[in-house]
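Chains as they are written, first to last, in my numbering: chain A, 7 to 407; chain B, 7 to 407.
Data block below; observations after.
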């Protein structure tokens with residue numbers, strides 16, 4: 007069988023250490039950069055605000071003119087656009103404050119009689135005035151290299167008059183489905199002993215979701231030469247994912263082919279399902295060989311392909327989307343394996359919709375039980391040294407995205 | 007000032023209750039349905055597997071022929087494709103199991119000598135055979151109405167030969183930026199007293215991210231008639247978001263216009279920043295009036311527009327992406343207001359990258375402090391009845407997406 011089963015964390019660590027983030031960048035419009043990774047520090051070319059700005063609705067004044075004003079003895083100012091002593095000018099929030107003024111009196115602290123303004127409070131210089139560059143100064147670092155752009159960042163970029171930014175290009179991932187029993191969708195129906203190609207399609211969509219550009223290639227039969235040719239034909243990809251043919255049976259040639267073309271880092275991993283996963287490098291490009299069984303393949307994708315794509319793409323770590331729940335039934339672990347148990351979440355009656363209450367284990371027998379995938383909301387991950395988790399225990403459910 | 011400040015939760019609850027999820031659906035290819043909402047229950051049209059499937063590499067046998075076999079006294083079978091007693095047939099995982107066979111012996115339990123197979127263990131009927139429909143039965147419900155499609159669901163759909171599904175169409179959201187000081191990007195630079203339009207752009211990208219189709223309309227000046235016309239010109243949208251002109255100043259006409267055209271549900275909300283937010287209905291369509299100050303506008307978007315879009319789109323509740331962190335400085339709350347304090351996350355030296363350790367509050371003075379947005383990783387939300395959170399306390403940081 008497998009020469010050696012590598013511990014899951016060690017396998018992942020070993021694999022990720024062998025991956026170098028990609029280097030190319032591209033200049034794109036800020037309208038299109040949500041979710042992209044900034045390739046270089048971005049500095050503001052302008053002051054924000056770029057003029058002295060009124061922070062309130064009211065009157066721009068010389069602060070000195072308001073000295074002594076209070077609710078029982080107002081100071082009278084003349085409303086005008088002039089800049090003589092004793093003058094004031096109506097401003098709105100965001101308006102330009104004239105050069106001669108040094109403060110803004112709030113409208114609520116005044117009473118207007120034609121051109122005369124009664125001022126009922128005194129103000130200090132700079133009160134309610136946003137100085138030029140107060141928020142962002144010209145030349146200031148506004149977004150750091152490596153930041154993941156969000157819509158609110160786009161607003162900041164637009165405000166400082168930046169139209170395009172350099173981002174890391176998306177890594178390209180070639181996906182090669184294998185198996186003589188696998189037939190392409192869209193043609194004839196699979197006969198007895200055949201199945202439609204679906205792992206490649208699933209991988210395509212996950213890779214896209216994770217921030218890379220997937221290329222789904224033609225199905226290759228279980229022939230070492232054909233598999234070799236298919237891998238060698240891949241050019242321009244930053245990573246390769248091969249589905250199927252990863253176990254130790256007569257028709258499982260993928261790990262040996264990867265070894266012949268480059269380095270086989272790991273074959274046989276302590277994840278369940280997903281044991282037949284192999285990891286390697288061909289032309290220094292990472293290669294994930296995922297088992298053909300749908301659920302095992304999916305676990306391998308999640309556990310190895312996802313962090314690999316993210317590392318290639320410079321995407322920083324982020325927490326998984328997870329919820330706490332109480333197990334409705336015992337789930338068995340498997341000593342030496344990190345077990346991914348599929349669970350369905352059920353929210354109890356009367357429970358707040360944000361508090362998901364119950365995790366119901368789904369049939370876990372067989373890595374091929376396809377129906378358990380679409381029924382599962384998430385995984386409970388059972389560590390290698392745990393025999394199982396009892397009914398009633400509180401667990402973390404990592405949501406399947 | 008504001009006639010009444012409505013409690014944040016009450017305002018949201020009141021607003022969401024007034025929103026009816028949209029009704030239209032569209033038929034799309036499964037390749038394009040990741041993230042979409044299933045509009046009707048989906049049943050399988052086929053059995054999975056659609057034939058009796060070998061679950062292991064080995065030999066298909068009649069179980070009865072293996073009776074009594076064990077490691078010291080094997081049973082001898084003839085390897086052939088025939089169906090006589092004493093015969094067996096080589097199968098691979100996933101192969102068709104012949105009609106006459108009722109079990110599969112694992113290859114590891116056999117030794118092959120030419121056409122003779124030594125069988126070292128006895129098997130029971132059905133052992134290692136996946137019966138037709140064992141996983142999914144023809145006619146079985148596979149995906150429920152309202153489910154959010156994930157790549158793994160697409161694989162399930164493909165497996166049962168479904169090419170297209172009915173999903174809820176995406177709601178259309180019209181976005182109207184207002185303000186006489188606001189100038190469109192792409193033309194001349196803003197003069198003193200002017201700013202680029204950026205709230206509409208930010209809203210456009212958030213609305214898209216949240217699963218709707220945004221339409222960003224032209225900027226409208228602070229004139230009630232012009233605002234009215236702009237709202238009336240909107241046809242075909244399921245929701246309207248208006249930016250700016252929501253406060254109680256001389257140039258704030260938006261809430262009154264909404265009231266004149268439909269219903270103003272709320273004006274003045276207990277969120278900080280974001281107090282001038284108004285919520286209403288025009289032609290039974292929800293209208294969010296977000297403050298023009300960038301941070302206040304963003305909080306209003308998050309707190310009101312996001313759940314409104316999700317309700318329109320039939321997207322189920324899901325937990326926010328959040329992390330636990332320890333506050334590096336005290337942050338003040340505001341009694342009566344739900345306060346959204348912007349924080350930056352810092353991971354301490356030597357701390358696991360998954361454990362984000364420190365939440366550093368950013369300048370919270372002023373709803374217009376744009377720079378605090380791009381520097382913030384998330385919000386700490388301080389409840390209405392809390393005066394502030396002390397330095398060193400552990401808090402939940404809701405990540406800004």
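The C-beta atom is built at its ideal place from N, Cα and C for all residues, glycine as well.
In this text the structure is predicted, and so the values were computed from the model without any measurement.
For the alpha helix (DSSP H) that contains residue 160 of chain B, what are its first and last residues?
-> Position 154 of the second chain holds residue 160 of chain B. Unbroken alpha helix (DSSP H) run through residue 160 of chain B: 157-165.
Which first and last residues belong to the beta strand (DSSP E) in which residue 247 of chain A is found?
-> For the purposes of this step, residue 247 of chain A is taken as residue 241 along the first chain, with counting starting at 1. Boundaries of the beta strand (DSSP E) around residue 247 of chain A: 245-249.
Between the segment 383-407 of chain A and chain B, which residues of the former have CB atoms less than 7 Å from a CB of the latter, in chain order?
-> 406 and 407
Residue 169 of chain A beta carbon less than 8 Å from that of residue 48 of chain A = The count along the first chain starts at 1 and reaches residue 48 of chain A at position 42. The count along the first chain starts at 1 and reaches residue 169 of chain A at position 163. Going by C-beta atoms, residue 48 of chain A is not nearer than 8 Å to residue 169 of chain A.
Select from B:247, B:142 and B:152 the residue whose C-alpha is nearest the C-alpha of residue 178 of chain B.
-> Sequence index remark: in the second chain, residue 178 of chain B carries index 172 (1-based). Nearest Cα to residue 178 of chain B within the set B:247, B:142 and B:152: B:247.
Closer than 8 Å, CB to CB, is residue 359 of chain A near chain B or not?
-> Here residue 359 of chain A refers to the residue found at position 353 of the first chain. Any reading at residue 359 of chain A must be qualified, since the residue scores a pLDDT of 48, below 50, and its modelled position is unreliable; no value is offered.
Three or more beta-carbon pairs under 8 Å between the segment 316-323 of chain B and the segment 304-324 of chain A, yes or no?
-> no
At a cut-off of 7 Å, is residue 325 of chain A close to the ligand HEM when judged by its beta-carbon and the heavy atoms of the ligand?
-> Because no ligand of any kind appears in the structure shown, any question about the ligand HEM cannot be addressed here.
Can you find a CB in chain A that lies within less than 8 Å of the CB of residue 144 of chain B?
-> What you label residue 144 of chain B is simply residue 138 of the second chain in a count that begins at 1. So no, residue 144 of chain B is outside the interface.
Please state whether DSSP places residue 241 of chain A in a helix, a strand or coil.
-> Here residue 241 of chain A refers to the residue found at position 235 of the first chain. In the structure shown, residue 241 of chain A sits in coil (DSSP, three-state: anything other than H, G, I, E or B).
Please list the partners that residue 212 of chain B has in chain A, where partner means a Cβ-to-Cβ separation under 7 Å.
-> In the second chain, counting from the first residue as 1, residue 212 of chain B sits at position 206. In chain order: 157.
Using DSSP with H/G/I as helix, E/B as strand and the rest coil, what is residue 356 of chain B?
-> By 1-based counting over the second chain, the position of residue 356 of chain B is 350. Low confidence applies here, because residue 356 of chain B scores a pLDDT of 46, under 50, leaving its location unreliable and the question unanswered by this model.
Just how far apart, CA to CA, sit residue 347 of chain A and residue 392 of chain B?
-> As a first step, residue 347 of chain A is located in the first chain; it is residue number 341 there, counting from the start. As a first step, residue 392 of chain B is located in the second chain; it is residue number 386 there, counting from the start. Roughly 40 Å between the two C-alpha positions.
Does the Cβ of residue 356 of chain B have 16 or more other Cβ atoms within 10 Å, making it buried, or fewer, making it exposed?
-> Counting from 1 along the second chain, the entry for residue 356 of chain B is found at position 350. Unreliable placement is indicated for residue 356 of chain B, whose pLDDT of 46 sits below 50; the coordinate value is still reported in the next sentence. It counts as exposed.
Just tell me which of B:111, B:58, B:295 and B:38 has its CA closest to the CA of residue 69 of chain B.
-> What you label residue 69 of chain B is simply residue 63 of the second chain in a count that begins at 1. Taking only the C-alpha atoms, the option nearest residue 69 of chain B is B:111.
Helix, strand or coil for residue 385 of chain A, going by three-state DSSP, please let me know.
-> Here the question's residue 385 of chain A lines up with position 379 in the first chain. Correct three-state label for residue 385 of chain A: strand.
Out of curiosity, what's the CA-to-CA distance linking residue 97 of chain B and residue 40 of chain B?
-> Walking along the second chain from the start, residue 97 of chain B turns up at place 91. Walking along the second chain from the start, residue 40 of chain B turns up at place 34. About 36 Å.
Whole-angstrom distance between residue 29 of chain B and residue 208 of chain B, CA atom to CA atom = On the second chain, position 202 is the one that residue 208 of chain B refers to. On the second chain, position 23 is the one that residue 29 of chain B refers to. The alpha-carbon atoms of residue 208 of chain B and residue 29 of chain B are separated by roughly 27 Å.
Could you name the residues of chain A that residue 205 of chain B contacts, counting a contact when the two beta carbons are closer than 8 Å?
-> Residue numbering aside, residue 205 of chain B sits at position 199 when the second chain is read from its first letter. Within chain A, the residues near residue 205 of chain B are 161.
If you draw a straight line from the C-alpha of residue 399 of chain A to the C-alpha of residue 405 of chain A, how long is it?
-> As a first step, residue 399 of chain A must be located in the first chain, where it is residue number 393. As a first step, residue 405 of chain A must be located in the first chain, where it is residue number 399. If you take the alpha carbons of residue 399 of chain A and residue 405 of chain A, they lie about 18 Å apart.
Enumerate in chain order the residues of its own chain whose CB-to-CB distance from residue 187 of chain A is below 7 Å, with the five nearest sequence positions on each side excluded.
-> As a working mapping, residue 187 of chain A is identified with position 181 in the first chain. If we look at residue 187 of chain A and ignore the five residues flanking it on each side, its Cβ neighbours are 199, 200 and 201.
Return yes when the Cβ of residue 138 of chain B is within less than 8 Å of the Cβ of residue 84 of chain B, no when it is not.
-> Position 78 of the second chain, counting from 1, holds the residue named residue 84 of chain B. Position 132 of the second chain, counting from 1, holds the residue named residue 138 of chain B. Cβ atoms of residue 84 of chain B and residue 138 of chain B: not closer than 8 Å.
Between the beta-carbon of residue 54 of chain A and the beta-carbon of residue 166 of chain A, is there less than 8 Å?
-> Within the first chain, residue 54 of chain A is the residue found at index 48, counting from 1. Within the first chain, residue 166 of chain A is the residue found at index 160, counting from 1. Contact: yes.
Is the shortest distance between the beta-carbon of residue 316 of chain B and the beta-carbons of chain A less than 8 Å?
-> If you number the second chain from 1, residue 316 of chain B lands on position 310. So no, residue 316 of chain B is outside the interface.
Residues sharing a beta bridge with residue 394 of chain A, DSSP | Against the first chain, residue 394 of chain A aligns to sequence position 388. A:338, per the DSSP bridge assignment.
Ignore the nearest five residues each way along the sequence and tell me which others in residue 234 of chain B's own chain have a CB closer than 8 Å to its CB.
-> In the second chain, the residue the question calls residue 234 of chain B occupies position 228. Around residue 234 of chain B: 263, 266 and 267.
At which residues does the alpha helix (DSSP H) containing residue 303 of chain B begin and terminate?
-> Position 297 of the second chain, counted from the start, is the residue given in the question as residue 303 of chain B. It spans 300-306 - the alpha helix (DSSP H) in which residue 303 of chain B sits, taken as one unbroken run.
Per DSSP, the bridge partner or partners of residue 76 of chain A | To locate residue 76 of chain A, count along the first chain from 1; it is residue 70. Residue 76 of chain A is not bridged to any residue.
Is the Cβ of residue 15 of chain A closer than 8 Å to any Cβ of chain B?
-> Mapped onto the first chain, residue 15 of chain A falls at position 9. No - not a single Cβ of chain B is within 8 Å of the one on residue 15 of chain A.
Between the segment 374-390 of chain B and the segment 334-352 of chain B, do three or more beta carbon pairs fall short of 8 Å?
-> yes
Have a look at B:299, B:215, B:132 and B:377 and flag the residue whose alpha-carbon is nearest the alpha-carbon of residue 184 of chain B.
-> Stepping through the second chain from its first residue, residue 184 of chain B is reached at position 178. The residue with the shortest Cα to Cα distance from residue 184 of chain B is B:299.
How big is the Cα-Cα spacing for residue 232 of chain B and residue 148 of chain B?
-> By 1-based counting over the second chain, the position of residue 232 of chain B is 226. By 1-based counting over the second chain, the position of residue 148 of chain B is 142. Their Cα atoms are separated by approximately 51 Å.
8 Å Cβ cutoff, residue 46 of chain A in contact with chain B | As a first step, residue 46 of chain A must be located in the first chain, where it is residue number 40. For residue 46 of chain A, the answer is no, since every Cβ of chain B falls outside 8 Å of its Cβ.
For residue 61 of chain B, which residues from the same chain have a beta carbon less than 7 Å from its beta carbon, with the 5 sequence-adjacent residues on both sides left out?
-> Working through the second chain from its first residue, we reach residue 61 of chain B at position 55. Within the same chain, and ignoring the five residues on either side of residue 61 of chain B in sequence, the residues whose Cβ sits closer than 7 Å to its Cβ are 99, 110, 134, 135 and 136.
Following the continuous beta strand (DSSP E) through residue 330 of chain B, name the residue where it begins and the one where it ends.
-> The residue given as residue 330 of chain B occupies position 324 in the second chain. Element bounds for residue 330 of chain B: 328-333.
Where residue 360 of chain B falls, given that 16 or more other Cβ within 10 Å makes a residue buried = Translated into positions along the second chain, residue 360 of chain B becomes position 354. Because residue 360 of chain B carries a pLDDT of 46, less than 50, the predicted location of this residue cannot be relied on, and the following value inherits that uncertainty. Burial call: exposed.
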